[in-house]
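Below: the structure, in structure tokens.
Protein chains: 2
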Amino acid sequence: MPRRYLFTVDDLKSYTQRFLMSLDVPQEDAGIMADILISADVRGVDSHGIIRLHTYYGNRLMQKLVEAASPTSVVHETPISLALDGGNGLGPVVAHRAMTRCIEKAKQVGMAAVTVRNSNHYGIAGYYAMMALSHDMIGVSLTNSQPLVAPTYGRTAMLGTNPIAVAVPAGAEYPYVLDMATSIVPIGRVTVYSKSGETIPSGWGMDKDGNLTESPDAVLDGGALLPLGGNDIMRGYKGYGLALLVDILSGVLSGAAFSTDVGHPSNPGQADIGHFFMALKVDLFRPIEEFKRGMDGLLEGMKGAPKAPGCDRIYIHGEKEFDHEKRCETEGVPVIAPVVDVLREAGEQVGVPFDLDPLGEKDTEG
Amino acid sequence: MPRRYLFTVDDLKSYTQRFLMSLDVPQEDAGIMADILISADVRGVDSHGIIRLHTYYGNRLMQKLVEAASPTSVVHETPISLALDGGNGLGPVVAHRAMTRCIEKAKQVGMAAVTVRNSNHYGIAGYYAMMALSHDMIGVSLTNSQPLVAPTYGRTAMLGTNPIAVAVPAGAEYPYVLDMATSIVPIGRVTVYSKSGETIPSGWGMDKDGNLTESPDAVLDGGALLPLGGNDIMRGYKGYGLALLVDILSGVLSGAAFSTDVGHPSNPGQADIGHFFMALKVDLFRPIEEFKRGMDGLLEGMKGAPKAPGCDRIYIHGEKEFDHEKRCETEGVPVIAPVVDVLREAGEQVGVPFDLDPLGEKDTEG
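Quick note, the sequences are listed as chains U and V, same order.
Take the working numbering: the final residue in the first sequence is number 361, and no numbers are missing along the way.
Take the working numbering: the final residue in the second sequence is number 361, and no numbers are missing along the way.
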């Protein structure tokens, strides 16, 4: 674990916003981007946070591979639905607009769905699902992504790690926030093992010939990830089915690219990524207070269930991330030294020096 | 594999209807039950087919544990939503009514969702999702069920095998029909291993102390199934998260029982099972013909992808079941001898002799 510097949430957001504005992103959009990116760090999903500010977003903005103004347009609209074209804009900005419109519609009619085509990587899927929570709605957020996952009985990457995110309000308990790739692990996890020279657990990935491998490099070198479930004995075709479903709703239904046509983040062409969002008012079905009591009962029951040998806690989805958020509010948000180095360098390049004073440093996880 | 008798679809449906009518199920409802139960056999999901006519439905009707008239009532309704009470009726009848209303609403406004509380086991989840297909809609069907699955880091059954079914129309290709338990395998699969005296693959289930076991009997004797994904290294908490989501939407949102409060099929009390349905018109987002061409492209691409070593075919979800359906139409529907024996005995009991002439017999799978 490399040394980590701790920064305040506000400092990181403010820097992110200034950085993006220097690359012609409008002030409001840059603020939205900052909120979404730093939320990932705050929730402990560092892989989707400030680490991508330069390496993905900044780079593509500088190369004019995405539209800094994120010029979204309406393809088709009804009171309960909206099909958007993201205008090859910034994924998080486009997605934020889409979910905002989705919630507005759901406020009027109780439920709405929005598709987006011609977008880019949108960061953490869970952010948009969670936007529904304060409105006492259930939120859904799906996106496709570049091919990394092999279908069951296949040996090449045909589907993205296509995440499913669903957020559901609760009462005294934290909300339920599922935010999962439909592969066993995201590709970033394999990269971490590669960098540290460790082998990966057998079953996570295959080499370019379709053989299961414990070598992270063999997966990265033309291999593929396995869908949730893994092999057929463990019913990996269910994870494959979920990945396919996400591609249907995000890609085919929206009119975006799908399967192997989705552009890779490091590819100069348009990614044409698609998203799908839904918002559903709880009180269409049940008074919200009754529902929240039910949620508390379900979640408390789960957490209080007897533990497996050697385990002392059962978690609800999103709980670890909410705990991490609390720690960040008091201690600051950890950013690893190599990322700070990249930010310093990128800041020089665009003329927005990364001049934040860390609150402190730490060497260990926690 | 025991000897199997082949019957025509119509004969099996007609017998099922007559059997249920003798137990005071109204003619139309009995016809719906027959269609749903026999569809399971026709699609190769024998575990949810005519095998349950007596062992589950007939038994509960005779004991007056379910209401033969399936008296559903409306709890709350809006143009896009419906919350139903199933009146402790027959699950398939109640679910069929719910999805029929859901589709009617979606025809009017484009999309609708329906919850059901106070219902019973509804058979194959995919049936109701597939009802949307002929309307060029995407259909969703979820249900909770009696506790059989342990949450990650837990050691007792806290959640049902809570299936997720989604059906999506295609053009020249078969529709995409995902119909999956959120556990690795359903409990019936473990029972099959127990009966044949074989061990189960490690990872499917745990014994009553929370240790992984290869003994099917140890799973059945107070143990639990593992969620899709399996252990934490293979990200079983995602399967656990999906099972929890299904319980939230089917159980908590509908006001039905959830988690360990859901009644067991062999328990004399009310099951109070909950369901959740959705229907979504494709042309809210994209012209249907364009969408279907996109679906064909996605599905053909998947099936044409390079195969893993030793594999000669990549399947789409539902494809094997559609193939099975075709075979049944020409050859007849296979019913294993032990089930025929039970049907004969039950038929005597209710005064509706199982007098169907088989088209033929076979000894092998296929």
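All C-beta atoms, glycine included, are put in the ideal place defined by N, C-alpha and C.
Measure the alpha-carbon distance for U:G105 versus U:K276 and round it to whole angstroms. Straight-line spacing of the CA atoms in U:G105 and U:K276 works out to 5 Å.
Taking all protein chains shown into account, do 16 or more other C-beta atoms lie within 10 angstroms of the C-beta of U:A332, making it buried, or fewer, making it exposed? When all chains shown are included, U:A332 counts as exposed.
Consider the Cβ of U:V180: report whether some Cβ of chain V lies at a distance smaller than 8 Å. Answer yes: the Cβ-Cβ gap between U:V180 and chain V drops below 8 Å somewhere.
Return the bridge partner residues of U:R112 from the DSSP annotation. Within the DSSP secondary-structure output, U:R112 pairs in a beta bridge with U:D80.
For U:M132, the first and last residue of its enclosing beta strand (DSSP E): Per DSSP, U:M132 belongs to the beta strand (DSSP E) from 132 to 138.
When we look at the beta-carbon of V:S363 and count the other beta-carbons within 10 Å, is it buried (16 or more) or exposed? In the structure displayed, chain V extends from -4 to 361; residue 363 of chain V sits before or after that span and is not available.
Helix or strand or just coil, what does DSSP make of V:L338? Under the three-state reduction of DSSP, V:L338 is assigned to helix.
Could you tell me how far apart the beta carbons of V:Y171 and U:I283 are, in whole angstroms, since I believe they sit closer than 8 Å? Not really, about 34 Å apart at Cβ, beyond 8 Å.
Would you mind giving the Cβ-Cβ distance between V:A64 and V:G84, rounded to the nearest angstrom? I have them listed as a contact below 8 Å. With a contact defined as Cβ atoms closer than 8 Å, V:A64 and V:G84 qualify at about 7 Å.
According to DSSP, is U:G361 part of a helix, a strand, or is it coil? Low confidence applies to U:G361: its pLDDT is 46, below 50, so where it sits in the model is not reliable, and the reading given next is rough at best. If DSSP states are grouped into helix, strand and coil, U:G361 belongs with coil.
Indicate whether the contact test is met: 3 or more Cβ pairs, each with one atom in the stretch 124 to 144 of chain V and one in the stretch 286 to 306 of chain U, closer than 8 Å. No: the two stretches stay apart, fewer than three of their Cβ pairs being nearer than 8 Å.
For V:F2, count neighbouring C-beta atoms within 10 Å of its own C-beta (all shown protein chains included) and say buried if the count is 16 or more, exposed if not. Residue burial is scored here from C-beta neighbours: V:F2 has at least 16 other C-beta atoms within 10 angstroms and is therefore classed as buried.
Out of V:F14, V:L215, V:V163, V:P164, which has the shortest C-alpha to C-alpha gap to V:Y188? Distance check between V:Y188 and each of V:F14, V:L215, V:V163, V:P164 places V:L215 closest, using alpha-carbon atoms only.
Under 7 Å between beta-carbons, which chain V residues line up against U:G134? List them in chain order, please. Neighbours of U:G134 across chain V, judged by C-beta separation under 7 Å, do not exist; the nearest C-beta is about 12 Å away.
C-alpha distance - V:E340 paired with V:G26, whole-angstrom precision: C-alpha separation (whole angstroms): 22 Å.
Given that a residue counts as buried once 16 or more other Cβ atoms are within 10 Å of its Cβ, and exposed if not, what is U:G361? At U:G361, the pLDDT of 46 sits below 50, so the modelled position is not reliable; the number obtained from the coordinates is stated separately. The residue is exposed, with fewer than 16 neighbouring Cβ atoms inside 10 Å.
Classification of U:P348 by the beta-carbon crowding that lies within 10 angstroms, buried from 16 upward: Exposed, since its Cβ has fewer than 16 Cβ neighbours within 10 Å.
Does the separation of the CB atoms of U:L223 and U:S178 fall below 8 Å? In this structure, U:S178 lies closer than 8 Å to U:L223 by Cβ.
Within the chosen definition, does the stretch 45 to 65 of chain V reach the stretch 11 to 26 of chain V through at least 3 CB pairs nearer than 8 Å? Touching, yes.
Can you tell which of V:L240, V:T186, V:E320 has the C-alpha that lies nearest to the C-alpha of V:V40? Nearest to V:V40 by C-alpha distance, out of V:L240, V:T186, V:E320, is V:E320.
Spatial neighbours of U:E62 within its chain, please: C-beta separation below 7 Å, excluding the five flanking residues on both sides. The residues are G82, N83, G84.
When the distance is taken between beta carbons, is V:L240 closer than 8 Å to V:A145? In this structure, V:L240 does not lie closer than 8 Å to V:A145 by Cβ.
Reduced DSSP category for V:E209 - H, G, I as helix; E, B as strand; rest coil: DSSP places V:E209 in coil when its eight states are reduced to three.
Along the alpha helix (DSSP H) that carries V:P329, what are the first and last residues, could you check? V:P329 -> not in any alpha helix (DSSP H); beta strand (DSSP E) instead, spanning 328 to 331.
If we ignore side chains and look at the alpha-carbon of each, how far apart do U:V37 and U:V328 end up? Computed Cα separation, rounded: 6 Å.
Where V:P21 and V:M28 are concerned, what is the direct C-alpha to C-alpha distance, given to the nearest angstrom? If I take the Cα positions, the gap works out to 10 Å.
At the 8 Å Cβ level, is V:M427 part of the contact set with chain U, yes or no? An answer regarding residue 427 of chain V cannot be provided, because it is not within the stretch -4 to 361 covered by chain V.
Euclidean distance between Cα positions of V:L294 and U:K357: Straight-line Cα distance between these residues: approximately 49 Å.
Starting from V:H91, trace the alpha helix (DSSP H) in both directions and tell me its first and last residue. For V:H91, the enclosing alpha helix (DSSP H) covers residues 86 to 104.
Tell me whether V:V180 is buried or exposed, calling it buried when 16 or more other Cβ atoms sit within 10 Å of its Cβ. Using a 10 angstroms sphere on the CB of V:V180, the tally of other CB atoms reaches 16 or more, which defines it as buried.
Short check: CB of V:G289 to CB of U:V247, under 8 Å? It is a contact, given that the beta carbons lie within the stated cut-off.
8 Å Cβ cut-off: residues of chain V touching U:K102: Chain V residues near U:K102: none, gap ~13 Å exceeds 8 Å.
Count the other CB atoms, across all protein chains shown, that sit within 10 Å of the CB of U:A167; report buried if there are 16 or more and exposed otherwise. Result: exposed.
Is the shortest distance between the beta-carbon of V:G361 and the beta-carbons of chain U less than 8 Å? Reliability fails at V:G361, whose pLDDT of 46 lies under 50, so the model's placement of it is uncertain and no value is given.
Would you say U:A108 reaches chain V, if we count a Cβ-Cβ gap shorter than 8 Å as a contact? Residue contact check for U:A108 against chain V: a CB pair falls below 8 Å.
Rounded C-alpha distance that separates U:K100 from U:K8: Straight-line measurement puts the Cα of U:K8 at about 29 Å from the Cα of U:K100.
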